[in-house]
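First residue of the sequence shown: 1, per full-length UniProt numbering; consecutive thereafter.
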Amino acid sequence: MFGGAGLFCDDLMFALEADGTVYFKADDVNRPAFEDAGSSPFSYEMSGKLRSMSYWQMPEDLADDPDELKNLASGALEAARRAARGKR
Numbered sequence: 001m002f003g004g005a006g007l008f009c010d011d012l013m014f015a016l017e018a019d020g021t022v023y024f025k026a027d028d029v030n031r032p033a034f035e036d037a038g039s040s041p042f043s044y045e046m047s048g049k050l051r052s053m054s055y056w057q058m059p060e061d062l063a064d065d066p067d068e069l070k071n072l073a074s075g076a077l078e079a080a081r082r083a084a085r086g087k088r
């Protein structure tokens, strides 16, 4: 699919890294925070079509704010848990 790395907790992927950028799992609950921060979703081209995934770019200013980064990562993990529950 892409050249990158997934970040997992409890066998759930809650973030990914691609080309030096970190993206966190997002859903209807936590996506507004990413939109408000001006983030964009991870996207890639496949078969000539641009596809987006439910992972959104980490806001750059969070790299210097460990507490907010922890909150964002926790929200991403919760989004991954909600997605996993929906697949059962």
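For every residue, glycine included, the Cβ atom is placed at its ideal position computed from N, Cα and C.
Residue burial annotation: Phe34 is buried, with at least 16 other C-beta atoms found within 10 angstroms of its C-beta. For the region 10-71, the continuous alpha helix (DSSP H) assignments of 4+ residues that do not extend past its boundaries occur at 31-36, in sequence order.
Under the three-state reduction of DSSP output, Gly75 falls in the helix class.
A Cβ-Cβ contact shorter than 8 Å links Leu16 with Ala5. The alpha-carbon of Leu62 is positioned some 5 Å away from that of Leu69. Val22 and Ser47 have their C-alpha atoms roughly 24 Å apart. Here DSSP, grouped into helix, strand and coil, assigns Gly3 to coil. Take Ala37, set aside five residues on each side of it, and the residues of its chain with a beta-carbon closer than 7 Å to its own are Pro59, in chain order.
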